[in-house]
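Working notes, beginning with the structure itself.
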Amino acid sequence: MTAARPRGRRGQGALLRDDILAAATRLLDLGGEHRVTLRAVAREAGITAPSIYPHFPDPPSVLKAAADAGRAELAALLTASATRSADPRRRLHDACHAYLDFATTRPGCYRVMSDHPDETTPGAPTTGHLAALIAECAATGRSTSTDPEADAVALWLGLHGIAHQRAAHRLFPWPADLVPDLVTALSGTTRAAAPNR
């Protein structure tokens, strides 16, 4: 629990909203969606529960905001991961590992993103990043993909399945080449640039 915070000054409501969202995200990652009650979020943020209402009317609105913030964070991670190599195949593999790392290190946030999807673009921002990388691989002769958008959706679904099953079955001895093999198969790329992880 965070200590009680000093009273905010007028015009700093956005800071309080950010603090509320950060508190909700911490609760999500510590124990899941069921821990995100307005009272628990208020306690974690060091405020009173009524202070939340001008920013979020109910727990579902907090969860939706957490999902949106998670998507923005994931988009930044995918973008950063895809700049580490000149080889587009390697960048694709790095982006896929960044996706899975996010799911592992931010389990509550990842779960709420799945439970509260972007209604206009399911899989956003991941599918857009993956499609661009697959298209780049195809344009440079490193992928046989003829439909990068469809292949990106298939790859996202595969990654989501791995993330979900790893969380559900932590003791299972997952094959070491599972992720590189999945990425290679679903993106139509060659295995040569797959990272050893």
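Residue numbers (UniProt numbering): 1 to 197.
Glycine included, each C-beta is placed from N, C-alpha and C at the ideal position.
Just so you know, these numbers come straight off a predicted model, no measurement behind them.
Alpha carbon to alpha carbon, what distance is there between residue j and residue i?
i	j	result
Gly158	Gly70	20 angstroms
Ala72	Leu171	31 angstroms
Tyr53	Thr190	52 angstroms
His164	Leu28	16 angstroms
Pro88	Val153	18 angstroms
Gly108	Gly123	17 angstroms
Cys137	Arg166	28 angstroms
Ala46	Asp68	Before going further, note that residue 46 is Gly rather than Ala in the sequence given. For Gly46 and Asp68, the distance between alpha carbons rounds to 23 angstroms.
Leu92	Leu21	31 angstroms
Pro59	Ala24	9 angstroms
Ala168	His116	19 angstroms
Asp18	Asp177	40 angstroms
Ser187	Asp94	13 angstroms
Pro57	Val112	18 angstroms
His160	Gly32	18 angstroms
Arg39	Ser114	24 angstroms
Leu16	Ser61	15 angstroms
Pro173	Thr37	36 angstroms
Asp180	Tyr110	It should be pointed out that residue 180 corresponds to Pro in this sequence rather than to Asp. Rounded to whole angstroms, Pro180 to Tyr110 spans 21 angstroms at the Cα level.
Leu30	Arg43	14 angstroms
Ala139	Ala65	37 angstroms
Thr184	Ser143	9 angstroms
Grab the span of the alpha helix (DSSP H) containing residue i for me, first residue to last.
i	result
Ala45	Leu38 to Ala45
Ser114	Pro107 to Asp115
Pro173	Looking at the DSSP string, Pro173 is not in any alpha helix (DSSP H), and its letter there is neither H nor E.
His129	Thr126 to Ala139
If contacts are defined as beta-carbon pairs under 8 angstroms, then residue i and residue j qualify, I think. What distance do you get, rounded to the angstrom?
i	j	result
Thr126	Tyr99	6 angstroms
Ile134	Asp151	5 angstroms
His129	Leu78	4 angstroms
Runs of 4 residues minimum, wholly inside the segment 55-93: which ones carry the alpha helix (DSSP H) assignment? For the segment 55-93, the continuous alpha helix (DSSP H) assignments of 4+ residues that do not extend past its boundaries occur at 59-81, in sequence order.
Taking 8 angstroms as the cut-off, does the segment 86-104 touch the segment 45-61 (at least 3 CB pairs, one atom from each stretch)? no
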